[in-house]
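**Student:** Starting off with a structure, shown below.
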Amino acid sequence: MASSYSEENRFVVYAQPLFYRDGYKLLDEAINKVKNLSNVAQKRQYLQPYFTDEMINLIIMRNVTYTDLSPYTTSYNYYYPKVTNMYIYRSESLPNQSNDVSQQILITKRNNQWVIGSLSENMYEPMP
Numbered sequence: 014m015a016s017s018y019s020e021e022n023r024f025v026v027y028a029q030p031l032f033y034r035d036g037y038k039l040l041d042e043a044i045n046k047v048k049n050l051s052n053v054a055q056k057r058q059y060l061q062p063y064f065t066d067e068m069i070n071l072i073i074m075r076n077v078t079y080t081d082l083s084p085y086t087t088s089y090n091y092y093y094p095k096v097t098n099m100y101i102y103r104s105e106s107l108p109n110q111s112n113d114v115s116q117q118i119l120i121t122k123r124n125n126q127w128v129i130g131s132l133s134e135n136m137y138e139p140m141p
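Heads up: the sequence shown is residues 14 to 141, going by this note's numbering.
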């Protein structure tokens, strides 16, 4: 995906390796896939379109789940450390909870497919 803008006396084109909205969509779909794996017989195949093998192992072995922030997220911070990676950070206050939740996500390109390479989640007390 490419975007462009003009500055004084020049025209700038900026190419994104993965369009940011597609990265957000992949993230939200992946988190929803992990919500309830108990009824899924072939967990690895079920998760493969969304996660790296390393993440799938972590999810299956430790029974990891993540907080679905998609209904609450109003803004994301993102950048591209290299053309095969997209880093996303988001932090939200959830209704009826005293803690805020932050997520740090690395989306990586493996075998010509974008997948979640790492996802860490932290809960913290909001600043007064």
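Where a beta carbon is used, it is the ideal one built from N, C-alpha and C, also for glycine.
Go ahead and label R103 buried or exposed: buried means 16 or more other beta carbons lie within 10 angstroms of its beta carbon, across all protein chains shown.
**Tutor:** Taking the sequence shown and counting its residues from 1, one reaches residue 103 at position 90. Looking at its Cβ environment, which holds 16 or more other Cβ atoms inside 10 Å, R103 is buried.
**Student:** May I ask you to verify whether the region 51–69 touches the region 126–140, counting CB pairs closer than 8 Å and requiring at least 3?
**Tutor:** Segments in contact, yes.
**Student:** Measure the C-alpha to C-alpha separation of Y91 and Q55 and round it to an integer number of angstroms.
**Tutor:** The residue you call residue 91 lines up with position 78 of the sequence shown. The residue you call residue 55 lines up with position 42 of the sequence shown. So the alpha carbons of these two residues sit roughly 32 Å apart.
**Student:** Short of 6 Å in beta carbon distance, which residues of its chain neighbour D41, apart from the five on each side in sequence? Order them along the chain.
**Tutor:** Taking the first residue of the sequence shown as 1, we reach residue 41 at position 28. Taken in chain order, the residues that qualify are S83.
**Student:** Between the C-alpha atoms of N135 and V114, what's the straight-line distance to the nearest angstrom?
**Tutor:** Numbered from its first residue, the sequence shown carries residue 135 at position 122. Numbered from its first residue, the sequence shown carries residue 114 at position 101. When rounded, the distance between both Cα atoms is 6 Å.
**Student:** I'd like the span of the beta strand (DSSP E) that includes E92, first residue to last.
**Tutor:** As a first step, residue 92 must be located in the sequence shown, where it is residue number 79. According to the sequence shown, residue 92 is Tyr rather than Glu. N90 to K95 is the extent of the beta strand (DSSP E) around Y92.
**Student:** I'd like the list of long-range same chain contacts for M14, defined as Cβ closer than 6 Å, with 5 residues on each side in sequence excluded.
**Tutor:** In the sequence shown, the residue the question calls residue 14 occupies position 1. The pLDDT assigned to M14 is 46, lower than 50, so where the model puts this residue is not dependable, and the model offers no usable value.
**Student:** Use the C-beta contact count for M99: other C-beta atoms within 10 angstroms, 16 or more gives buried, fewer gives exposed.
**Tutor:** Working through the sequence shown from its first residue, we reach residue 99 at position 86. Buried.
**Student:** Could you give the distance in angstroms between the alpha-carbon of T78 and the alpha-carbon of Q117?
**Tutor:** Stepping through the sequence shown from its first residue, residue 78 is reached at position 65. Stepping through the sequence shown from its first residue, residue 117 is reached at position 104. Distance between the alpha carbons of T78 and Q117 is about 14 Å.
**Student:** Identify which residue in Y137, S111, N112 and S88 has its Cα closest to the Cα of Y37.
**Tutor:** Here residue 37 is taken as the residue at index 24 of the sequence shown, counted from 1. Closest by alpha carbon: S88.
**Student:** Please list, in chain order, all residues of the same chain as Y63 whose beta carbon is under 8 Å from its beta carbon, the five residues on each side excluded.
**Tutor:** Along the sequence shown, read from residue 1 onward, the residue named residue 63 stands at position 50. These residues qualify, in order along the chain: L39, E42, A43, K46, V128 and I129.
**Student:** Is it true that the CB of E105 sits closer than 7 Å to the CB of T86?
**Tutor:** Residue 86 sits at position 73 when you count from the first residue of the sequence shown. Residue 105 sits at position 92 when you count from the first residue of the sequence shown. Yes, the Cβ-Cβ distance between T86 and E105 is below 7 Å.
**Student:** Would you decide whether R34 is buried or exposed? Buried here means 16 or more other CB atoms lie within 10 Å of its CB.
**Tutor:** Residue numbering aside, residue 34 sits at position 21 when the sequence shown is read from its first letter. By the 10 Å Cβ count, R34 comes out exposed.
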